[in-house]
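The working numbering puts the last residue of the sequence shown at 95; the count rises by one with no breaks. Note that beta-carbon positions come from the ideal geometry of N, C-alpha and C, so glycine has one too. Shown next, in structure tokens, is the structure this report addresses.
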Amino acid sequence: MEDLLSVGKLIGSRLRLSSATTFELLKHVHDRMPVILDREAEDVWLDPLVLDPAKLLPLLKSYPPEQMEFYPVSQIVNSPTHDTPACLVPTS
């Protein structure tokens, strides 16, 4: 495989883990959050013909908080061995 995983990103592709400053609702959890692309931004990001950083860098921004849901979940999310819908069930 020509892509090699290195420090949170795949070298030679557009798949990478990027973070942005979090919004007020999540600041008590962490000061950074993953960048989440909307569908239109996904298409631009994954287009192999789009190489201009001026078109790509603006896509790396915080997702609108009004479009997110935030609630506590079980600690089973802390293990990558738990790949199950139970990770998304709210706890009381």
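I'd like to know whether the C-beta atoms of residue i and residue j end up nearer to each other than 9 Å.
i: residue 93; j: residue 66; result: no
Please report the straight-line C-alpha distance between residue i and residue j, rounded to a whole angstrom.
i: residue 34; j: residue 51; result: 32 Å
i: residue 47; j: residue 85; result: 32 Å
i: residue 58; j: residue 31; result: 32 Å
i: residue 55; j: residue 24; result: 23 Å
i: residue 41; j: residue 62; result: 9 Å
Any beta-carbon of chain C closer than 9 Å to the one on residue i?
i: residue 74; result: The chain labelled as chain C is not found in the depicted structure, where only one protein chain is given.
Spatial neighbours of residue i within its chain, please: CB distance less than 8 Å, with the 5 preceding and 5 following residues excluded, ordered by chain position.
i: residue 89; result: 77 and 79
i: residue 45; result: none
Please list, in chain order, all residues of the same chain as residue i whose beta carbon is under 7 Å from its beta carbon, the five residues on each side excluded.
i: residue 39; result: 66
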